[in-house]
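Student: By the count of our numbering, the sequence shown reaches residue 490 at its end, each step adding exactly one. Each residue gets a CB set at the ideal place from its N, CA and C atoms; glycine is no exception.
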Amino acid sequence: MKKIAFILTTLDAHAVHRVNDFVAHGFDVQVNTFVRVNAKQTIQTDWKVNVIGEFPNALPYHKRIQKIIQGIRLVSKQYKGCKDVVFYYLGLDIAMFACPLIRRPYIFEECDLNHTYIGNKIVCKVMEKIDCYIIRHSLQTIFTSEGFYTYHQLKDTSNVTLIPNKLPASIWDVPEVKKHAIDANHLSFGFAGDVRYENIVNFASVLVRNFPMHEFHFFGTIQERVKSLTKELEQFPNCHFHGRFRSPDDLPEIYSQLDFTLATYDTRFENVCYAEPNKIYEAIFFRTPIIVSKGTFLQQKCEKLGLGTAVDALSEDDIVSFVKGLTHEKIDKMYADILLVPQESAIDNNDAFFAKLKTL
């Protein structure tokens, strides 16, 4: 097995990272992807991309299905008679159609439990059964979160490998930026990434309104769904919006300014309760305690490793109580705990997976 035929719903940073990983381990990759109408391609790659369909970003998923099927059939015809190829389906939305249309060995990657966002519980349960079927019959399945094992409750996971969204090894080459001195009377909290959850905005709002001596920093873009909420925060001098940043190049500078990093995603969505965002690995590498949402797999992992703490980011009382409790002694303990976690554990290294793959 040396040829991997990817089928992607979109060519985003995660997909490019995964393809590059296969290239680095000696595989011949062929990338087939859907694109968004009129969207500018800003991601540069060292390999060719075969566009198999396009649709507007706002087009509902059920209206995309026909185009997805057409694109998958194009790929199927392209590899007809090619015996040494293994297909790679990134996401259930591709795999659920590709599996019956391309009856060939495949690798399946699950980055999110997207079917949990479906409001109809019966449909959601049917999709879960399809998901588990795809996992069981895959050559290999990749989970990006350890929490997915808990959600799926699979009896056999011998063909499942955990590959979290860790930092690339290139982060070692980015110049280090010395962290500022910590002052319990003037703390700096922040979030680095696309702001799309009310929980994050609410935490920032409660903080800047109740604690003028502390500050909150937003690094990244603000999604439309929460723009009206963040607009209200612009009047506070201790709330700062820094806009887009480059990852991983700008991460050392960002984390040098933060005493605490935020990852309080919205637990009203089931996927969030089981997902494992890359923020946890940024926290480890940049030695910055992380604040996560209560009632999540991420809380369990943070408490187990000593990476930070959990709050109910939609509860003003809980946030205020947490911030008031940040004494010098408690902060020192949190920093001492996170320093015990090796930085190397935050770096992406999938050699064992690829060694296993080459034996199949």
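What's the gap between the Cα of ILE420 and the Cα of ILE301?
Tutor: ILE420 and ILE301: Cα-Cα distance of roughly 19 Å.
Student: Can the beta-carbon of GLY221 be found less than 8 Å from the beta-carbon of ASN244?
Tutor: In contact: GLY221 and ASN244 (Cβ atoms closer than 8 Å).
Student: According to DSSP, is GLU276 part of a helix, a strand, or is it coil?
Tutor: DSSP places GLU276 in coil when its eight states are reduced to three.
Student: Give the C-beta separation of VAL471 and LEU435 to the nearest angstrom, bearing in mind that I take them to be a contact with Cβ-Cβ under 8 Å.
Tutor: That pair is a contact at about 6 Å.
Student: Return yes when the Cβ of PHE371 is within less than 8 Å of the Cβ of PHE319, no when it is not.
Tutor: Cβ distance not < 8 Å, so PHE319 and PHE371 don't count as in contact.
Student: Please state whether DSSP places GLY201 in a helix, a strand or coil.
Tutor: The answer is helix: DSSP assigns GLY201 an H, G or I state.
Student: Hey, VAL441 and ASP448: beta-carbon distance below 8 Å or not?
Tutor: The answer is yes: Cβ separation under 8 Å.
Student: Could you tell me which whole beta strand (DSSP E) segments of length 3 or greater appear in the stretch 233-320?
Tutor: Those beta strand (DSSP E) runs which fall completely within the stretch 233-320 and span 3+ residues are 236-240, 270-273 and 290-292.
Student: Once the 5 residues before and after HIS458 are set aside, which same chain residues still bring their CB inside 7 Å of it?
Tutor: Excluding sequence neighbours, HIS458 sits near ALA314.
Student: Alpha carbon to alpha carbon, how far is PHE349 from HIS316? Give it in angstroms, no decimals.
Tutor: Looking at the two C-alpha atoms, the distance is approximately 19 Å.
Student: By DSSP, does GLU184 sit in helix, in strand, or in coil?
Tutor: If DSSP states are grouped into helix, strand and coil, GLU184 belongs with the strands.
Student: When DSSP builds the beta bridges, which residues end up paired with VAL336?
Tutor: VAL336 pairs with nothing; no bridge assigned.
Student: State the Cα-Cα distance for the pair ARG326 and GLY211, rounded to the nearest angstrom.
Tutor: Each residue's Cα considered, the two are about 45 Å apart.
Student: By DSSP's criteria, ILE134 is part of a beta bridge. Which residues make up the other side?
Tutor: Bridge partners of ILE134: VAL159 and VAL216.
Student: Leaving aside the five residues before and after PRO298 along the sequence, list all residues of the same chain whose C-beta is less than 8 Å from its C-beta, in chain order.
Tutor: Same-chain partners within the cutoff: HIS147, PRO378, ILE477 and ASP478.
Student: Could you tell me the boundaries of the beta strand (DSSP E) in which SER377 lies?
Tutor: SER377 -> no beta strand (DSSP E), and no H or E assigned at all.
Student: Taking only three categories from DSSP, how would you classify PHE521?
Tutor: Here the chain comprises residues numbered 131 to 490, so residue 521 is not present and cannot be evaluated.
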